[in-house]
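Contents: one structure, followed by commentary.
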Amino acid sequence: MADDTLELQASTTAWQIAMQEILRMVVRDLYQSHSEVAFTTHIKRLEEGAVDSIYSDLRLRGTDEWTETLVKEKATNIVTNLLTSFTFEQSDPRPRTT
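Counting from 1, position 56 in the sequence shown corresponds to residue 395 in this note's numbering; the numbering is continuous, with no gaps.
Printed below as a string of structure tokens:
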């Protein structure tokens with residue numbers, strides 16, 4: 340049983356890392372050519388939209404109210420921590436040569 344728990348934790352952690360890195364690349368690619376103000380505004384809008392969606396639309400079947408509240412709080416903390424970890428990086432407009 341302990342091996343199953345460790346494998347589940349490893350899989351969950353791996354999934355979280357993979358999703359974070361994919362999101363980081365998408366956000367960077369989408370906003371690297373905009374101004375820092377536009378970037379920050381978009382990130383804030385994404386955060387607010389995701390948190391609102393978690394609290395208003397997320398329904399967990401087969402769980403009690405306490406568990407659902409806990410999951411929603413953890414999910415919104417992850418959203419906030421992840422999105423606020425992004426920094427603006429202005430891309431170099433010159434074409435790259437290799």
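All C-beta atoms in this analysis are idealised placements derived from N, C-alpha and C, irrespective of residue type, glycine included. Computed from a prediction, not measured in an experiment: that's the story for all the values here.
> Which residue from Ser350, Ser374 and Ile356 puts its Cα closest to that of Leu421?
Replying inline: Taking the first residue of the sequence shown as position 1, residue 421 is located at position 82. Leu421 has its Cα closest to that of Ile356, out of Ser350, Ser374 and Ile356.
> Can you find a CB in chain C that lies within less than 8 Å of the CB of Phe378?
Replying inline: You won't find chain C in this structure, because it holds only one protein chain.
> Between which two residues does the alpha helix (DSSP H) containing Phe425 stretch?
Replying inline: As a first step, residue 425 is located in the sequence shown; it is residue number 86 there, counting from the start. Element bounds for Phe425: n/a, residue is neither H nor E.
> For Lys413 versus Leu397, is the C-beta distance shorter than 8 Å?
Replying inline: Within the sequence shown, numbered from 1, the residue matching residue 413 stands at position 74. Within the sequence shown, numbered from 1, the residue matching residue 397 stands at position 58. Against a cut-off of 8 Å, the Cβ pair of Leu397 and Lys413 comes out as no contact.
> By Cβ distance, which residues of its chain are closer than 7 Å to Glu407, with the 5 residues on each side in sequence left out?
Replying inline: For the purposes of this step, residue 407 is identified with residue 68 of the sequence shown, where counting begins at 1. Taken in chain order, the residues that qualify are Leu399.
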